[in-house]
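Enquirer: Just so you know, we're using full-length UniProt numbering here: the sequence shown kicks off at 1 and counts up by one. Idealized CB from N, CA, C, for every residue including glycine. The structure follows.
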Amino acid sequence: MDELLERLGRVTLQESEKQAGQRTGEAEICLDTMLKTLSSDWTEKEELNALSSLTPFLSPSHPLADKAAQVVAEVAKKEVHRSVCISLLSSLLSLLDSEQPKVLLHTGRALGNICYDNPPAQEVVSQTDAPILALGLLKSNHTPRVCAVLAGFIGNCCRGDEPLQRRLVQAGLLGNLSTLLERVRCHGNLTDMVLVALGNVASLDLSREEILKTPLCSQLVALLRDSVERKQTVDCQGTPEHETESQGESERERRETILDVIAAMAEHDEVKERLVSAGLPQLLLRAVKECQKGSQGEHPGSEERLAELKAASDLLVLLLLGEVAMQNVFGEGEDSVLSATLHWLDSPTPHLQLAGALAIANFARSDDNCIRLVKGEAVPRLLELLRRQAPPSTEDGGNGSQVPYDETLQHAALSALRNLAIPAVNKPRLVEFGVLDTVLAFLPTNSSPVQFRLIGTLRMLTEGQSSVALCLGQRSDVAHRLVEWSEGRSQSTGVVAEASRLLSALPRHSRDKEVCRVSVEVGAVVPLVAMINSQFPLMQCEALLALTIISQFCLEKAVPYFHDSGLIEVLTTLFRSAASATSSPPPSPSPTHPEVPPEVIANGLALLASVLHSVTSSFPAGKEKTK
1 MDELLERLGR VTLQESEKQA GQRTGEAEIC LDTMLKTLSS DWTEKEELNA LSSLTPFLSP
61 SHPLADKAAQ VVAEVAKKEV HRSVCISLLS SLLSLLDSEQ PKVLLHTGRA LGNICYDNPP
121 AQEVVSQTDA PILALGLLKS NHTPRVCAVL AGFIGNCCRG DEPLQRRLVQ AGLLGNLSTL
181 LERVRCHGNL TDMVLVALGN VASLDLSREE ILKTPLCSQL VALLRDSVER KQTVDCQGTP
241 EHETESQGES ERERRETILD VIAAMAEHDE VKERLVSAGL PQLLLRAVKE CQKGSQGEHP
301 GSEERLAELK AASDLLVLLL LGEVAMQNVF GEGEDSVLSA TLHWLDSPTP HLQLAGALAI
361 ANFARSDDNC IRLVKGEAVP RLLELLRRQA PPSTEDGGNG SQVPYDETLQ HAALSALRNL
421 AIPAVNKPRL VEFGVLDTVL AFLPTNSSPV QFRLIGTLRM LTEGQSSVAL CLGQRSDVAH
481 RLVEWSEGRS QSTGVVAEAS RLLSALPRHS RDKEVCRVSV EVGAVVPLVA MINSQFPLMQ
541 CEALLALTII SQFCLEKAVP YFHDSGLIEV LTTLFRSAAS ATSSPPPSPS PTHPEVPPEV
601 IANGLALLAS VLHSVTSSFP AGKEKTK
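Structure (structure tokens):
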């Protein structure tokens with residue numbers, strides 16, 4: 001290659017007008033030889049220092065511009081040579097003004113290859129009008145192949161460059177890509193180039209409204225459906241004779257790209273709704289089912305199948321994050337998404353178990369859905385999943401190390417149970433299923449996310465359920481662990497707050513002397529007093545009410561803890577803040593002048609009255625009482 005480039009450079013030095021035809025002929029021979037060399041297994045070790053000899057040929061008026069651009073396109077396929085090609089960008093960009101399809105085709109290829117994963121080249125291009133010019137060419141009557149190549153160039157040059165992405169979207173990129181996608185739908189390699197451009201701008205907030213103005217959602221779902229159906233045909237009948245192994249690999253990569261593009265678009269709730277209406281959830285179930293057929297085998301494609309399975313199941317979970325989309329998906333019948341995700345909980349594939357748990361957690365965001373789920377098979381399946389994940393410190397030895405511990409899976413399953421426990425009618429049913437014992441098996445966990453969901457599940461089960469509050473509150477191991485977490489031994493502020501709230505819920509919902517005694521003995525008073533200083537009035541009221549109940553049932557044991565925790569000082573500060581706000585209210589609430597709600601003051605006074613009443617009533621009749 002180096003010798004050919006040097007030879008081409010010598011040809012350009014022949015400036016005699018009478019030699020022009022000869023010069024062009026010899027140059028064409030050089031370029032053809034280069035293309036033949038580049039199409040074979042040529043060495044990448046050549047430095048190609050003479051690549052600049054192509055510059056004179058990269059002119060819109062030069063008859064060999066197409067072949068020169070084709071040489072650059074082939075050279076730039078090799079990552080090691082892309083930096084050398086940057087010096088040719090200016091000349092290549094000028095070729096976008098050409099009206100010749102071949103010139104535009106190879107220029108688009110060259111620019112796209114040079115810019116691929118090459119930030120310095122992207123920066124050079126982004127400072128020009130070339131991307132917008134290429135976008136304008138998409139609207140022309142050029143062949144689908146030329147337009148697809150230009151779309152690929154646009155995608156490569158704007159990758160990671162949000163300002164340029166925004167410019168392109170504002171200039172109408174998405175509408176043009178939608179039109180082009182329809183033209184190239186039956187041409188896989190051309191479709192791939194359009195998907196590259198689409199994938200780089202799909203997640204922009206600016207893209208949301210533009211996507212909704214186009215049929216892109218239904219187009220991408222249709223593309224995915226075509227690919228899944230082709231895969232089903234191959235799996236049933238075997239690979240057709242005319243289809244090579246590389247073609248099958250390209251088809252698989254195309255499916256993954258489509259899934260990635262849809263996932264980027266689906267970050268917006270309105271797009272989720274459009275995708276659900278286009279039938280994407282059912283299609284994803286088909287894709288997962290096809291992947292499952294080979295995911296357990298030892299054949300070479302198993303890893304690829306599992307990767308595709310993960311992408312499809314993750315996308316389904318993403319769709320369920322949208323409120324309207326989730327409710328639309330929540331259907332009935334054996335073939336429903338709900339039924340399928342419930343079966344995922346029993347799958348031997350860990351990622352499907354996770355996706356199933358996340359799907360149930362998302363479905364359980366409304367009371368009606370929660371009630372239906374508890375009436376169905378959701379709870380037993382979730383509990384069985386958690387029992388297989390139980391830590392080894394439980395009495396039965398945990399899962400016997402047969403199943404790898406997965407904290408993400410534990411968190412997801414506990415999230416689902418926590419949501420299911422919110423409706424009052426579900427709480428007794430969950431207790432009957434054995435949720436308490438299963439969840440309490442995870443008390444030893446050191447994972448903050450698992451701790452957070454574990455405590456949240458127990459708190460939801462305790463709300464309004466005196467029997468649950470009694471069961472948990474009388475267990476010193478549970479109360480002691482909650483005190484540890486509420487005192488900040490967890491790295492998560494969420495765990496601290498949630499543990500404190502559950503500590504306050506036990507005496508509030510049980511109103512039991514034994515529960516109060518256990519709470520005091522394990523040191524719950526200190527975190528409850530600290531909870532009075534919370535910035536959330538609800539938590540302040542919960543703490544004050546819990547301390548009031550404790551003072552009514554076992555004041556004598558609690559008094560030393562009241563003293564050590566500075567309860568009187570905390571209450572005094574609370575009352576002074578309220579009095580100060582009443583006498584000279586600040587312009588607006590602030591961290592230095594917080595507004596104390598009336599219900600907090602009322603509960604604080606109730607606590608103070610309860611303590612004083614308990615103290616005075618403890619003296620025998622006729623004895624002098626302290627002030």
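#1: Might you give, ordered along the chain, the residues of its own chain that have their beta carbon closer than 6 Å to the beta carbon of V456, omitting 5 neighbours on each side?
#2: I need the boundaries of the alpha helix (DSSP H) containing P527, first residue and last residue.
#3: I'd like the list of long-range same chain contacts for A469, defined as Cβ closer than 6 Å, with 5 residues on each side in sequence excluded.
#4: Could you check the C-alpha separation between V228 and V478 for me, to the nearest Å?
#5: Applying the 10 Å Cβ sphere with the 16-neighbour rule, what's the burial state of A69?
#6: Quick one, which of S476, L181 and V329 has its alpha-carbon nearest L440's?
#7: Counting pairs of beta carbons, one from the segment 195 to 204 and one from the segment 261 to 276, are three or more of them closer than 8 Å?
#8: Looking only at its own chain, which residues have a Cβ that is under 7 Å from the Cβ of R145, when we skip the five neighbours before and after it?
#9: Give the range of the alpha helix (DSSP H) segment to which H351 is assigned.
#10: When you compare the CB positions of A357 and A413, do they come within less than 7 Å of one another, or not?
#11: Would you say V75 lies against chain B (beta-carbon separation less than 7 Å)?
#12: Using beta-carbon positions only, say whether A27 and L54 come within less than 7 Å of one another.
#13: Under DSSP, the alpha helix (DSSP H) around residue 667 begins and ends at which residues?
#14: Once DSSP output is grouped into helix, strand and coil, what is the label at A609?
#15: Can you give the beta carbon distance from F562 to V525, rounded, assuming they're within the 8 Å contact cut?
#16: Let's test the definition: count the other Cβ atoms within 10 Å of the Cβ of A453 and tell me whether it reaches 16, buried, or not, exposed.
#17: Considering only their Cβ atoms, is the gap separating V600 from P560 smaller than 7 Å?
#18: Taking D66 as the reference, give the member of S203, V72, V103 and D346 with the closest Cα.
#19: Is C158 helix, strand or coil when you go by DSSP?
#20: How would you label V611, buried or exposed, when you count the other beta carbons within 10 angstroms and need 16 or more for buried?
#21: Hey, P428 and C370 are a contact pair by Cβ (cut 8 Å); roughly how many whole angstroms apart?
#22: Answer yes or no: do C186 and C157 have a C-beta to C-beta separation smaller than 7 Å?
#23: For the segment 343 to 351 against the segment 316 to 334, do three or more pairs of beta-carbon atoms, one drawn from each stretch, fall closer than 8 Å, so that the two count as touching?
#24: Looking at the secondary structure, which residues open and close the alpha helix (DSSP H) in which P597 lies?
#25: I need the straight-line Cα distance from R252 to V329, nearest angstrom please.
#26: Which of the three DSSP states, helix, strand or coil, is assigned to residue 628?
#27: Report, in whole angstroms, the separation of the C-beta atoms of residue 628 and L174, which I expect to be a contact under 8 Å.
#28: Quick check on P215: does DSSP put it in helix, strand or coil?
#29: Specify the secondary structure class of L345 as computed by DSSP and reduced to three states.
#30: Judging by CA-CA distance, which residue of S203, A609 and V520 is the nearest neighbour of I550?
#31: By the three-class DSSP mapping on this structure, what secondary structure does E17 have?
#32: Given a threshold of 16 other Cβ atoms within 10 Å of its Cβ, counted over all protein chains shown, does H613 qualify as buried or as exposed?
#33: Let's test the definition: count the other Cβ atoms within 10 Å of the Cβ of G108 and tell me whether it reaches 16, buried, or not, exposed.
#34: Among the residues of its own chain, which have a CB less than 7 Å from the CB of Q165, if the five just before and after it don't count?
#35: Cβ atoms of G604 and residue 666: under 7 Å apart, would you say?
#36: Select from L89, L409, Q465 and S448 the residue whose C-alpha is nearest the C-alpha of N426.
Expert: Quick look at the numbers:
#1: By one-based count along the sequence shown, residue 456 stands at place 456. Note that residue 456 is Gly in the sequence shown here, rather than Val. Taken in chain order, the residues that qualify are R418 and E498.
#2: If you number the sequence shown from 1, residue 527 lands on position 527. V525 to M531 is the extent of the alpha helix (DSSP H) around P527.
#3: Position 469 of the sequence shown holds residue 469. T462, L506, H509 and S510, listed in sequence order.
#4: By 1-based counting over the sequence shown, the position of residue 228 is 228. By 1-based counting over the sequence shown, the position of residue 478 is 478. Each residue's alpha carbon lies about 50 Å from the other.
#5: Residue mapping note: residue 69 aligns to position 69 of the sequence shown, counting from 1. With 16 or more Cβ atoms within 10 Å of its Cβ, A69 is classed as buried.
#6: What you label residue 440 is simply residue 440 of the sequence shown in a count that begins at 1. Of the candidates S476, L181 and V329, the one whose C-alpha sits nearest the C-alpha of L440 is S476.
#7: yes
#8: Taking the sequence shown and counting its residues from 1, the one referred to as residue 145 is at position 145. Here the set comprises L105 and L190.
#9: By one-based count along the sequence shown, residue 351 stands at place 351. Note, H351: alpha helix (DSSP H), P350 to F363.
#10: Taking the sequence shown and counting its residues from 1, one reaches residue 357 at position 357. Taking the sequence shown and counting its residues from 1, one reaches residue 413 at position 413. Yes.
#11: Checking the listed chains, one finds no chain B in this structure; it contains a single protein chain.
#12: Taking the sequence shown and counting its residues from 1, one reaches residue 27 at position 27. Taking the sequence shown and counting its residues from 1, one reaches residue 54 at position 54. No. Outside cutoff.
#13: Here the chain covers residues 1 to 627 and nothing more, so residue 667 does not appear.
#14: Here residue 609 refers to the residue found at position 609 of the sequence shown. Note: A609 maps to helix in three-state DSSP.
#15: For the purposes of this step, residue 562 is taken as residue 562 along the sequence shown, with counting starting at 1. For the purposes of this step, residue 525 is taken as residue 525 along the sequence shown, with counting starting at 1. 7 Å between Cβ atoms; contact.
#16: Here residue 453 refers to the residue found at position 453 when the sequence shown is read from its first residue. Here the sequence assigns Arg to residue 453, which means Ala is not the residue at that position. Buried: at least 16 other Cβ atoms inside 10 Å.
#17: For the purposes of this step, residue 560 is identified with residue 560 of the sequence shown, where counting begins at 1. For the purposes of this step, residue 600 is identified with residue 600 of the sequence shown, where counting begins at 1. Going by C-beta atoms, P560 is not nearer than 7 Å to V600.
#18: Taking the sequence shown and counting its residues from 1, one reaches residue 66 at position 66. The shortest C-alpha separation from D66 is found at V103.
#19: In the sequence shown, counting from the first residue as 1, residue 158 sits at position 158. Coil, per DSSP.
#20: Residue 611 sits at position 611 when you count from the first residue of the sequence shown. That one is buried.
#21: Start at 1 with the first residue of the sequence shown, and residue 428 comes out as number 428. Start at 1 with the first residue of the sequence shown, and residue 370 comes out as number 370. No, P428 and C370 are not in contact; Cβ-Cβ is about 14 Å, not under 8 Å.
#22: Within the sequence shown, the letter at position 186 stands for residue 186. Within the sequence shown, the letter at position 157 stands for residue 157. Cβ distance not < 7 Å, so C186 and C157 don't count as in contact.
#23: no
#24: As a first step, residue 597 is located in the sequence shown; it is residue number 597 there, counting from the start. Per DSSP, P597 belongs to no alpha helix (DSSP H) and is neither H nor E.
#25: Position 252 of the sequence shown holds residue 252. Position 329 of the sequence shown holds residue 329. Cα to Cα, the separation comes out at about 26 Å.
#26: As shown, the chain starts at 1 and ends at 627. That puts residue 628 outside it, with no answer to give.
#27: Given that the chain is displayed from residue 1 to residue 627, the structure contains no residue 628 and the question cannot be resolved.
#28: Here residue 215 refers to the residue found at position 215 when the sequence shown is read from its first residue. Three-state result, P215: coil.
#29: Walking along the sequence shown from the start, residue 345 turns up at place 345. Coil.
#30: Translated into the one-based positions of the sequence shown, residue 550 becomes position 550. Checking every option, the nearest Cα to that of I550 belongs to V520.
#31: Within the sequence shown, numbered from 1, the residue matching residue 17 stands at position 17. In this prediction, E17 scores a pLDDT of 45, lower than 50, which makes its location untrustworthy; no coordinate-derived value is stated.
#32: One-based indexing of the sequence shown puts residue 613 at position 613. Classification for H613: exposed.
#33: In the sequence shown, the residue the question calls residue 108 occupies position 108. By the neighbour-count rule (16 or more Cβ atoms within 10 Å), G108 is buried.
#34: Within the sequence shown, numbered from 1, the residue matching residue 165 stands at position 165. Closer than 7 Å at the Cβ level, and outside the excluded window around Q165, lie C158, N200, V201 and L204.
#35: With the chain running from 1 to 627 in the structure shown, residue 666 is simply not present.
#36: Within the sequence shown, the letter at position 426 stands for residue 426. Among L89, L409, Q465 and S448, the Cα nearest to that of N426 belongs to Q465.
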